[in-house]
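Residue numbers (this note's numbering), protein chains in the order written: chain A, 4 to 120; chain B, 6 to 116. Let me begin by presenting the structure, written as structure tokens, before commenting on it.
Pasting the structure below:
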């Protein structure tokens, strides 16, 4: 099956620093990727839709200047949490749709656990 | 925002028993999907059911969809300890593939 990777798998940073998370589709091309956030014992909340070659689309209540998304190639999307604060600590998960295959199915990455001290 | 609600929130059963969880949603959908998540891990796609389908099977999984009631159910038959995980439903409501997830059901299967 299709594989999506995320890097890093976990990161600890100081308050005020910026953190970049990468999401890669390893064996397929993805014109569209999605970024989710999941707080402990809660469900996934969609943050934004990342489109290759164009601006990301953010969900209501998600600050685009706080969560910068770059989808520079068909296999890579990055999420940068700028000036991270403790309340940004969460589990960030990306997913990707295969541009060639059945686009109903999304393939999820293993997630990145962010802890801001 | 979350589309769906799931019940129960938590389910504890013994190996060999069946586990049933339900998902309700609010808007019209293109399809509904069920995912599984082991603690602290990513999501694994289990099954997708389209809006014009009523029932679907995959191994020990059986999913039903009632669009008139805007609800779906996931049945896991002959459960195993390895089925212990959180299960989420997610709806694709024609919005360019964006998924809205339910709150999830935490299933614990004891040997």
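Note that CB positions come from ideal geometry on N, CA and C, so glycine has one too.
Between the alpha carbons of residue i and residue j, how many angstroms are there, rounded?
i	j	result
residue 109/A	residue 34/A	12 Å
residue 94/B	residue 52/A	19 Å
residue 11/B	residue 75/B	12 Å
residue 26/A	residue 20/A	20 Å
residue 15/B	residue 112/B	6 Å
residue 60/B	residue 46/B	28 Å
residue 66/B	residue 91/B	15 Å
residue 45/A	residue 82/B	25 Å
residue 71/B	residue 102/B	21 Å
residue 111/A	residue 24/A	14 Å
residue 96/B	residue 15/A	33 Å
residue 59/A	residue 78/A	15 Å
residue 26/B	residue 42/A	22 Å
Taking all protein chains shown into account, decide if residue i is buried (16 or more other Cβ within 10 angstroms of its Cβ) or exposed.
i	result
residue 91/A	buried
residue 19/B	exposed
residue 84/A	buried
residue 28/B	buried
residue 109/B	buried
residue 98/A	buried
residue 79/B	buried
From the DSSP output, read off the bridge partner residues of residue i.
i	result
residue 46/B	Residue 46/B pairs with nothing; no bridge assigned.
residue 11/B	28/B
residue 111/A	98/A
residue 34/B	Answer is none; residue 34/B lacks a bridge partner.
residue 93/B	40/B
Whose Cβ in chain B lies nearer than 8 Å to the Cβ of residue i?
i	result
residue 113/A	46, 47
residue 96/A	47, 48
residue 100/A	102
Thinking just about the alpha-carbon of each residue, which of the options is nearest to the one in residue i?
i	options	result
residue 75/A	28/A, 16/A, 118/A	28/A
residue 64/A	57/A, 49/A, 54/A, 55/A	49/A
residue 70/A	88/A, 78/A, 77/A, 56/A	88/A
residue 39/A	86/A, 81/A, 107/A	81/A
residue 43/B	58/B, 115/B, 88/B, 98/B	88/B
Under 7 Å between beta-carbons, which chain B residues line up against residue i? List them in chain order, please.
i	result
residue 107/A	36, 53, 97
residue 46/A	7, 93, 106, 107, 108, 109
Can you name the residues of chain A whose CB is closer than 9 Å to the CB of residue i?
i	result
residue 31/B	Simply none; closest approach about 15 Å.
If the cut is a Cβ gap below 8 Å, which residues of chain A does residue i touch?
i	result
residue 103/B	37, 49, 52
### Message
Residues of the segment 39-56 of chain B in Cβ contact with chain E at a cutoff of 9 Å, in chain order, please.
### Response
Within the model displayed, chain E is absent; protein chains A and B are what it includes.
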